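Chemist:
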Amino acid sequence: MKIAIIGSGHVGLTTGICFAEKGHEVICVDHDTDKLARLRNGEVWFFEPKLPDLLKKHHSSRRLRFTDSTAEAVKFASVIFICVGTPTGESGKADMRYVEKVARDIAETMTDYRLIVEKSTVPIMTGERVKSTILRYVRGDAHFDVASNPEFLREGSAIDDTLKPDRIVIGVDSAKAETLLREIYAPFEAPMVVTSIGSAELIKHASNSFLALKISFINWIARVCEQSGADVHEVARGMGLDARIGAAFLNAGIGYGGSCFPKDVEALAAISEELGVEAPLIRLISQINREQRERFFEAIQHELWVLQDKTIALWGLSFKPNTDDLREAPSLWLAQRLLKAGAKLRVHDPVAMPAFKRAISDVYFAKDPLDATSGADALVLCTEWPQYREVDLAKVKATLRVPLIFDGRNCLDRKQAEELGMTLIGIGKQRIGPRGKH
Ligand code: UGA
16 MKIAIIGSGH
26 VGLTTGICFA
36 EKGHEVICVD
46 HDTDKLARLR
56 NGEVWFFEPK
66 LPDLLKKHHS
76 SRRLRFTDST
86 AEAVKFASVI
96 FICVGTPTGE
106 SGKADMRYVE
116 KVARDIAETM
126 TDYRLIVEKS
136 TVPIMTGERV
146 KSTILRYVRG
156 DAHFDVASNP
166 EFLREGSAID
176 DTLKPDRIVI
186 GVDSAKAETL
196 LREIYAPFEA
206 PMVVTSIGSA
216 ELIKHASNSF
226 LALKISFINW
236 IARVCEQSGA
246 DVHEVARGMG
256 LDARIGAAFL
266 NAGIGYGGSC
276 FPKDVEALAA
286 ISEELGVEAP
296 LIRLISQINR
306 EQRERFFEAI
316 QHELWVLQDK
326 TIALWGLSFK
336 PNTDDLREAP
346 SLWLAQRLLK
356 AGAKLRVHDP
366 VAMPAFKRAI
376 SDVYFAKDPL
386 DATSGADALV
396 LCTEWPQYRE
406 VDLAKVKATL
416 RVPLIFDGRN
426 CLDRKQAEEL
436 GMTLIGIGKQ
446 RIGPRGKH
């Protein structure tokens, strides 16, 4: 099948490459000519495992090409996937200007039948809007269908998630659209859920909000653990073995970040309120998430008493492991708060330091994790990269000025910290080490 992808970011590029991998002919569009030049060179401008290799492979297979012309793509393909950004706009609602522009551009170029598929995460009822926009701008009597096919890939495992999805959701209102999408997804072995367009749109927002709810729920339970002497890891394990609850997304920490959960939760609340449905539960998800990082900062401040001129090592800058994405990363917020309070930072991340430097530069960028902890008054961990999980705390202790650790992801070896006489403060866990003495 000839497929066009409009918008070659995390979702668009991954989707395009995976369609090529499954044998389709794909053209990817982006308006950023620098990015296109890099892509044509086989280079991806963000960190995503496996993506560069597949990009190179399909340059050679000739099943994947790039253009800045939507018109060229619309002419080439029979199915067009809209994968442009929907950033948070005013009052938390998604800003739909890019989707609207793409719908207009498609309408003005198509001369015969096209299936236009929304893959960007969009508010419910966007399908209707896309349809009416195309009808308004289409020239002649070109027929078309609109469909919704939400994406569920995670950054860091985007290729595996796309090639082997848990499910494929397609929202359609015509048999032709369903047939075309079934044909595209035939090489993917996954259960297919066929719904109305509105349901498909809501499945995406509801799924992300539910996952975010699980995280905020366990983070709230973590607070109860801290006050009651319980351990959040034990509680989550005991809950997660119930098949109805499931163990995933019950890791307590300093909260979720990224380009999806914060934006999608806000957008679901905003659109449901606009529809006249109050959303206190959804609003609380974001509130608890914001409080997590604030509480973490307060714990650091409380323990160190005065932050002015204290040196703090910060491990993990990306919003989660296996990506260099810093969007809504708790580390950025925390670094700004610590710097404002007068602390000096020695930061480390396996891949996100260049991106971090573009946002915050007045910190020391460490060569490796132990260079970061060297001479520091405390270590603060924001992201659970595997190399931090596996670190030998004896080496960390030897470099720190004070053997004090704040583990924002509960990923360090508590037993070893205890044996070494270190102080370790986690989330939803009892502190290791004496109070007021390190
Ligand atoms: C998320 C969803 O998981 C994908 O299904 C969805 O397609 C994507 O958003 C999207 O809408 O495009 P992603 O943002 O890449 O994917 O990352 P996740 O792995 O879901 O993690 C999100 C955040 O939650 C991270 O900050 C992570 O540290 C945090 N998290 C996750 C926790 O704090 N605790 C957990 O138990 C799990």
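Residue numbers (this note's numbering): 16 to 453.
Don't be surprised by glycine CBs; every beta carbon is placed ideally from N, CA and C.
Predicted, not measured: the structure shown is a model, and the values here were computed from it.
Kindly indicate which three-state DSSP category R151 falls into: helix, strand or coil?
Modeler: Of the three classes helix, strand and coil, the one that applies to R151 here is helix, per DSSP.
Chemist: Which of the three DSSP states, helix, strand or coil, is assigned to W400?
Modeler: It is coil, neither helix nor strand.
Chemist: Determine the direct distance from the alpha carbon of Y200 to that of H39, and round the result to whole angstroms.
Modeler: Whole-angstrom Cα-Cα distance: 10 Å.
Chemist: Quick one: residues in its chain with C-beta nearer than 6 Å to the C-beta of V187, no 5 flanking neighbours on either side, listed in chain order?
Modeler: For V187, where only same-chain residues beyond five positions count, the Cβ hits under 6 Å are A162 and E193.
Chemist: So, S333 versus L322, is the Cβ gap smaller than 8 Å?
Modeler: No, Cβ-Cβ distance for S333 and L322 is not below 8 Å.
Chemist: Suppose the cutoff is 7 Å on Cβ atoms and the five residues either side in sequence are ignored; what does the same chain contact list for G441 look like?
Modeler: Correct list, in chain order: D422 and N425.
Chemist: So, do the stretch 105 to 113 and the stretch 62 to 77 have three or more beta carbon pairs nearer to each other than 8 Å?
Modeler: No contact exists between the stretch 105 to 113 and the stretch 62 to 77.
Chemist: In chain order, what residues of the same chain have a beta carbon less than 8 Å from the beta carbon of A314, not counting five sequence neighbours either side?
Modeler: Only F421 and I440 meet the Cβ criterion.
Chemist: Quick one: grab the DSSP three-state call for M207.
Modeler: DSSP places M207 in strand when its eight states are reduced to three.
Chemist: What ranges does the beta strand (DSSP E) occupy inside the stretch 322 to 390, keeping only unbroken runs of at least 3 residues that lie completely in it?
Modeler: Within the stretch 322 to 390, the complete beta strand (DSSP E) runs of at least 3 residues are 326 to 330 and 359 to 363.
Chemist: By DSSP, does K17 sit in helix, in strand, or in coil?
Modeler: If DSSP states are grouped into helix, strand and coil, K17 belongs with the strands.
Chemist: Report all residues from its chain with a CB closer than 7 Å to the CB of R119; omit the five preceding and five following residues, and keep chain order.
Modeler: For R119, where only same-chain residues beyond five positions count, the Cβ hits under 7 Å are T148 and Y152.
Chemist: With a Cβ-Cβ cutoff of 8 Å, do F91 and I42 count as a contact?
Modeler: Yes, the pair counts as a contact, with Cβ atoms nearer than the cut-off.
Chemist: Pairs of beta-carbons, one from the stretch 58 to 70 and one from the stretch 160 to 178, closer than 8 Å: are there three or more?
Modeler: Enough Cβ pairs lie closer than 8 Å, so yes.
Chemist: How close, in whole Å, do the beta carbons of S346 and G331 come, if the pair is a contact with beta carbons under 8 Å?
Modeler: Confirmed, Cβ separation roughly 6 Å.
Chemist: Rounded to whole angstroms, how far is the Cβ of R154 from the Cβ of E123, which I believe are closer than 8 Å?
Modeler: 7 Å between Cβ atoms; contact.
Chemist: Run the CB neighbour count on R78, radius 10 Å, all protein chains shown included, and call it buried at 16 or more, exposed below.
Modeler: That one is buried.
Chemist: Buried or exposed: which applies to G390, given that a residue is buried once 16 or more other Cβ atoms fall within 10 Å of its Cβ?
Modeler: Label assigned to G390: exposed.
Chemist: Between R169 and the ligand UGA, is there a pair consisting of the residue's CB and a ligand heavy atom that are separated by less than 7 Å?
Modeler: Yes - the ligand UGA has a heavy atom lying nearer than 7 Å to the Cβ of R169.
Chemist: Alpha carbons only, please: which of A35, P295 and Y128 is nearest the one belonging to T177?
Modeler: Measuring from the Cα of T177, the nearest candidate turns out to be A35.
Chemist: Let me know the secondary structure DSSP gives C43 once reduced to three states.
Modeler: Here C43 sits in strand by DSSP.
Chemist: Do G213 and G142 count as a contact pair if the criterion is CB distance below 8 Å?
Modeler: Closer than 8 Å, so yes.
Chemist: Is L265 near the ligand UGA, going by C-beta to nearest heavy atom under 7 Å?
Modeler: For the ligand UGA, at least one heavy atom lies less than 7 Å from the Cβ of L265.
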